[in-house]
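Residue 27 in UniProt numbering sits at position 27 of the sequence shown, and the numbers go up by one each step. Virtual Cβ for every residue (Gly too), placed ideally from N, Cα, C. Accompanying notes for the structure given below.
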Amino acid sequence: MARITVSLDSDLAIEVMLLAGTSSPQDAVELIVRDYLARGHRTEARTGDAADGRRVTPDRPTAQEG
């Protein structure tokens, strides 16, 4: 797996470390990003994507007047 380097503000890095409970800023950011991606995948699995809504919901007939 390729690695990249990202520069962060030191205050942001410290907050991420506290939130993740790690002593390394790199580990903390990696944990946060992995959690964010996992949440996205779980949400997609529960709700489906935008195309699923059109597939599942039939088109409603237009209301007839008079």
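Nearest-angstrom Cα separation, counted from residue j out to residue i
i, j, result
"Ser10", "Thr47", "37 Å"
"Ser7", "Leu19", "18 Å"
"Ala45", "Ala28", "26 Å"
"Val16", "Glu65", "59 Å"
"Ser40", "Ser23", "Residue 40 is actually Gly in this sequence, not Ser. So the two alpha carbons sit approximately 26 Å from each other."
"Glu30", "Arg3", "11 Å"
Residue i classed as buried or exposed, judged by whether at least 16 other C-beta atoms fall within 10 angstroms
i, result
"Met1", "exposed"
"Ala63", "exposed"
"Val33", "exposed"
Nearest-angstrom Cβ-Cβ length linking residue i and residue j, presumed shorter than 8 Å
i, j, result
"Pro25", "Ala13", "4 Å"
Residue range of the unbroken alpha helix (DSSP H) whose run includes residue i
i, result
"Leu12", "Ser10 to Ala20"
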